[in-house]
Amino acid sequence: MTFSIKSRAEEIKKLKTRRLDLLIVGGGITGAGVALQASAAGMRTALIDMQDFGAGTSSRSTRLVHGGIRYLKNFDVEVVSETVQERAIIQHVAPHVTRPDPMLLPIYDEPDTTFSMFSVKVAMDLYDHLAGINKSEHLKQYANYTLNKEQVLELEPQLNPENLAGGGIYLDYLNNDSRLVIENIKKAHDLGGLMVSRLKAVKVLHNQFGNACGMTVKDMVTGEEFDIKAKIVLNASGPWSDFVKDLDENHDQAKTQMRPTKGVHLVVDQSRLNVPKPTYFGSGTNDGRMIFTIPRDGKTYFGTTDTDFKGDLTHPKVDQGDVDYLLRIINKKYPEAHITLDDVESSWAGVRPLVAEEPAPVDDKKAEEKPDVVSGASDSGSHKLTASQVSRGSSLKRADDGLITLAGGKLTDYRKMADGAMKMIIEIMNTQYARDYKPVDSANIKVSGGDFDSDHAEDALKGYAKEAVAAGIDPVGAEKMANIFGSNMEQILDGAKDTKLAPGLSLAETLSLRYSMENEMAMTPEDYLFRRTNNLLFNHDEIKNIEAGVISEMAAYYDWTDDEIQSYTKATDELISEASLDYLKKAAAVKA
């Protein structure tokens, strides 16, 4: 079943004529998770997003499914238990997207450190126990262990040796956030859901009883406005949750729910910052933040910041203060690296959809120590919390007119958040509409591309890469494709030997682009270069060459006019320049 500009037209026709069971507003990971479960349950489901799928928060994370070991410092065992178990479930359903990768936690003997060498071993042992690592034959290889100072420096010679006591190695998971979104979306589509990007919610519709019954939407491609009718409307728009609620004239608008914060990551070549293993440490600035340095595709990226954000939610930008903050921390932890702004090859900024509720007042000291939680209310109260202290918890609420809002949370929780929403949705459908929907076992619904044994994911992906090489694809491109597309490689490779190369693109890039246009609704160069692949972020050396080939091939596929080609070229040039922080580099040169 294709999922392209051609199927989009057909799906819009259906949206105009069908009355849906469920309309989801928001195509990030939260909405995608609900769409998958609802489609699997047999509901007439549609999902819309005003941008590309995952174009907001869900393509701008730290790219981890992270267990939160630091929360054990405050004995939040229940929180960590749920999180570490959820990591394994996500890896099971999306084994090509989420991969186990042990992390280094260097331990420094200095004030306000998160762990000592003694306490980190206790924490790691509990962490492994909660994750069931010793009970799983597959996971036993990832059991934690400690390193002395010399061993840590042998592993990461650039780390600051001053006050370094040693370190711990424990299991965490790398993730490709935008790929997790699109693979959930594709699976929901395969199960019968109507998944349409670039449809903007304009107004909540109401029936004669004043209940929410759909949405007026605007097609951002054609400019057309039309109504979509649905028994239930779910607002899963992340940082835009308050804006979507404002479209509901029957909804109480008195209270703002969201407190968005900005997180920034910077990318440098691995030759400048050689980090062989994901590494996790406190910022050392007494702000409660933790910093990651993560190797990927010959690059190293690091972050994150955590600051309140009041700007354009569709276009968060890295500012000089973000860069100064991260470089100050990185150059303290890696004093021989001497990373500067000029070393930054790419970057991204994302907006976290934090829920800002107002429960009872909390003690200042406890508020500082309170970690993120998996669900429930936030930590904000009569005492103003910093951005880093606001809860990453989720909120599920149904308004008097029936509009449901699912907000907050973090990527690791997306499936459980969807489980909670589906319980509410099924109860409404079964009690108010006399249906007989049953909950699905979401822990065993494989996303698109994940149809292979997750316990032997590395072997399976190597097998797909080997098949790609046999089809004429270069080994590096073959490995990259396998890691991106997983079991869908079999479909992609069917006609590989007869494929005519796109001008300026390798066979791997040609096949990847064509598959993304025909089966992943990639409609612009940005969709492909940023979200379907990570070329924009981790392929700085080749990005300009790839850009020209991608635009040429997309122009032929979509029959773009010369003006459209010029417009997309200008937009893509600006995208690459902004990711490279050229605007900050030019400003610095002027000052110099």
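full-length UniProt numbering applies: residue 1 is where the sequence shown begins, and numbers increase by one. Cβ atoms here follow ideal geometry from the backbone N, Cα and C, with glycine treated the same way. This one's a predicted model, so the numbers in the text were calculated from it and none came from an experiment.
Residue i, DSSP secondary structure in three states
i, result
"E225", "strand"
"L354", "coil"
"I404", "strand"
"T304", "coil"
"A471", "coil"
"R272", "coil"
"Y583", "helix"
"E578", "helix"
"T98", "strand"
"M258", "strand"
"I232", "strand"
"K200", "strand"
"H206", "strand"
"K570", "helix"
"K462", "helix"
"K446", "coil"
"K480", "helix"
"K310", "coil"
"T561", "coil"
"S7", "helix"
"A502", "coil"
"K497", "helix"
"H92", "helix"
"K317", "coil"
"D527", "helix"
"G409", "coil"
"T285", "coil"
"A522", "coil"
"T2", "coil"
"D455", "helix"
"E249", "coil"
"residue 631", "Any property of residue 631 remains undetermined from this structure, which presents the chain solely from 1 to 592."
Extent of the continuous alpha helix (DSSP H) to which residue i belongs
i, result
"N331", "320–333"
"L164", "Careful: L164 lies outside any alpha helix (DSSP H), inside the beta strand (DSSP E) at 164–170."
"S552", "543–558"
"F538", "535–538"
"R179", "177–190"
"K245", "241–245"
"I339", "Looking at the DSSP string, I339 is not in any alpha helix (DSSP H), and its letter there is neither H nor E."
"A519", "The sequence given here has Asn at residue 519, not Ala. N519 -> alpha helix (DSSP H) spans 507–519."
"L493", "489–493"
For residue i, the first and last residue of its enclosing beta strand (DSSP E)
i, result
"N430", "Careful: N430 lies outside any beta strand (DSSP E), inside the alpha helix (DSSP H) at 414–432."
"S197", "194–197"
"V268", "261–269"
"V217", "212–219"
"F292", "290–296"
"L396", "394–398"
For residue i, the residue or residues it bridges with in DSSP
i, result
"I107", "G166"
"A12", "It is Ile, not Ala, that sits at residue 12 in the sequence shown. Note: I12 sits in no beta bridge, so no partner."
"S346", "V267"
"Y280", "F292"
"K591", "According to DSSP, K591 bridges with nothing at all."
"K299", "D269, R296"
Neighbour flag for residue i against chain C, beta carbons, 9 Å
i, result
"S567", "Absent from the structure: chain C. Only one protein chain is present."
Cβ-Cβ separation, residue j to residue i (assumed contact under 8 Å), whole Å
i, j, result
"residue 598", "V34", "Limits of the chain in this structure are 1 at one end and 592 at the other, which puts residue 598 out of reach."
"G28", "G54", "6 Å"
"A356", "Q257", "7 Å"
"G31", "A236", "4 Å"
"residue 612", "V84", "This structure gives no information on residue 612, because the portion of the chain shown stretches from 1 to 592."
"L105", "G167", "6 Å"
"A41", "K438", "7 Å"
"L199", "V217", "5 Å"
"A349", "K317", "6 Å"
"V267", "Y301", "4 Å"
"L23", "M215", "6 Å"
"A407", "P353", "6 Å"
Any non-hydrogen atom of the ligand NAD within 8 Å of residue i CB
i, result
"V550", "In the structure on display, the ligand NAD does not appear, and there are no ligands present to speak of."
(message) Which complete alpha helix (DSSP H) runs does the region 113–175 hold, if anything under 4 residues is left out?
(response) Complete alpha helix (DSSP H) runs here, min 4: 117–131, 149–155.
(request) List in chain order: all unbroken alpha helix (DSSP H) runs of 4+ residues lying wholly within the region 20–84. (result) Annotation note: the region 20–84 contains the following uninterrupted alpha helix (DSSP H) runs of length 4 or greater, listed N- to C-terminal: 29–40.
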